[in-house]
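One structure is given below, encoded as structure tokens.
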Amino acid sequence: MKLVLETKNINKHFYKPKDFHVIKDISFKVGQGEFASIMGKSGCGKSTLLYILSTMDTDYTGELYLNGELITGKPQQDLSRIRNKHIGFVFQFHYLLSEFSVLENVMLPAKKLADKSHAEIEQDAMEKLRMLHIDHLAQQKASRISGGEKQRVAIARALINNPSILMGDEPTGNLDSHNSENVFSIFKRLKEEEGLSLLVVTHDEDFAKRTDRIIEMEDGRILR
Ligand SMILES: Nc1ncnc2c1ncn2[C@@H]1O[C@H](COP(=O)(O)OP(=O)(O)OP(=O)(O)O)[C@@H](O)[C@H]1O
């Protein structure tokens with residue numbers, strides 16, 4: 001199986017207010033098309049780990065590989081491009097720009113990458129919106145749509161550059177059960193139809209149980 005993400009012996013400390021070993025020797029792999037969830041009690045280090053994996057936090061020891069390439073130690077400028085191109089991220093809160101249209105929000109990460117024309121990016125964005133059944137909302141202001149719709153726009157935005165892996169930090173944490181189910185089905189479809197890899201931190205056991213693998217964390221370590 002092709003590996004999309006691999007970590008070797010990741011460790012991280014917070015030094016303020018005192019030395020705290022928050023991530024302890026974490027090594028694991030995510031293969032192409034694998035849908036894995038990360039579970040664990042509040043404070044066990046899930047979000048901290050996800051920030052390292054998504055290359056946003058570089059203050060750790062150990063090694064992080066994306067698509068077989070060593071990412072650890074690369075300059076910020078390279079990381080920002082790698083992140084934008086290879087990693088899609090969906091948060092608990094959608095972080096859409098409320099004054100922009102749905103379409104403009106989805107186009108933004110592709111504009112930042114700047115390797116396609118405006119027309120191509122718009123076409124790609126419309127395709128993602130269609131895939132998530134929200135293309136009728138393209139011209140709406142992001143502030144004018146429902147919570148469930150906003151999260152689907154956030155997923156479309158995360159997919160615009162066709163990432164290798166989609167990471168989520170409690171992406172259903174702010175949604176009712178109907179909309180959570182909707183997000184789960186979208187993720188499952190992305191895995192099955194597009195071969196996308198997904199790594200999602202969740203507190204929702206029903207959600208986690210239906211993923212391919214649950215990575216259980218306790219006190220900064222992976223239990224299984
Ligand atoms: N900047 C920081 N400085 C010091 N300690 C921190 C910092 N950020 C987080 N921590 C601590 O590190 C531990 C892990 O935090 P983290 O947010 O990764 O946990 P989590 O498992 O995602 O929790 P939750 O499920 O509540 O979101 C917690 O004890 C937290 O208080």
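1 is the number of the first residue of the sequence shown in UniProt numbering; add one for each residue after it. Virtual Cβ for every residue (Gly too), placed ideally from N, Cα, C.
What residues sit near ligand 1, counting only those whose C-beta is closer than 5 angstroms to one of its heavy atoms, in chain order? Phe14, Val22, Ser42, Gly43, Cys44, Gly45, Lys46, Ser47 and Thr48
Terminal residues of the continuous alpha helix (DSSP H) containing Lys150? Where Lys150 is concerned, the enclosing alpha helix (DSSP H) stretches over Gly147 to Leu159.
Mapping the DSSP letters down to three states, classify His136 as helix, strand or coil. His136: helix per DSSP, three-state reduction.
Please report how far the alpha carbon of Leu175 lies from the alpha carbon of Asp124, in whole angstroms. When the Cα atoms are used, Leu175 and Asp124 turn out to be separated by approximately 27 angstroms.
Helix or strand or just coil, what does DSSP make of Thr48? Three-state result, Thr48: helix.
Quick check: what's the CA-CA separation for His203 versus His94? 18 angstroms
Expressed to the nearest angstrom, what Euclidean distance is found between the alpha-carbon atoms of Leu50 and Asn162? 19 angstroms
Would Phe35 and Thr211 qualify as a contact pair, given that the criterion is a beta-carbon distance under 8 angstroms? yes
Would you list the one or two residues that DSSP bridges to Leu166? Here Leu166 is bridged, per DSSP, to Gly88 and Leu198.
Using 8 angstroms as the cut-off, can you tell me whether the region 152 to 161 makes contact with the region 115 to 132, which would need three or more C-beta pairs spanning the two stretches below that distance? yes
What span of residues does the beta strand (DSSP E) with Leu64 cover, start to end? From DSSP, the beta strand (DSSP E) with Leu64 extends over Thr61 to Leu66.
Assess contact between the region 35 to 45 and the region 72 to 86, defined as three or more Cβ pairs (one per stretch) separated by less than 8 angstroms. Is contact present? Result no; under three Cβ-Cβ pairs closer than 8 angstroms.
Limits of the beta strand (DSSP E) - the one that Lys24 falls within: Counting along the chain, the beta strand (DSSP E) containing Lys24 begins and ends at Phe20 to Gly31.
Between the Cα of Leu113 and those of Ile82, Lys41 and His136, spot the shortest distance and give me the residue it belongs to. The shortest C-alpha separation from Leu113 is found at Ile82.
Extent of the continuous alpha helix (DSSP H) to which Arg130 belongs: Here the alpha helix (DSSP H) through Arg130 covers His118 to Met131.
Which residues share a DSSP beta bridge with Thr7? According to DSSP, which records beta bridges pairwise, Thr7 is partnered with Phe28 and Leu64.
Does the region 142 to 149 come close enough to the region 96 to 114 that 3 or more CB-CB pairs lie under 8 angstroms? yes
Cβ pair Leu70, Leu199 closer than 8 angstroms: no
Three-state secondary structure (DSSP) of Ala208: helix
Bridge partners for His13 per DSSP, in chain order? His21
Cβ of Ile145 within 7 angstroms of any heavy atom in ligand 3? Here the bound small molecules are ligand 1; ligand 3 is not part of this structure.
Compute the distance between the beta-carbons of Phe20 and Ile215, then report whether it is under 8 angstroms. no
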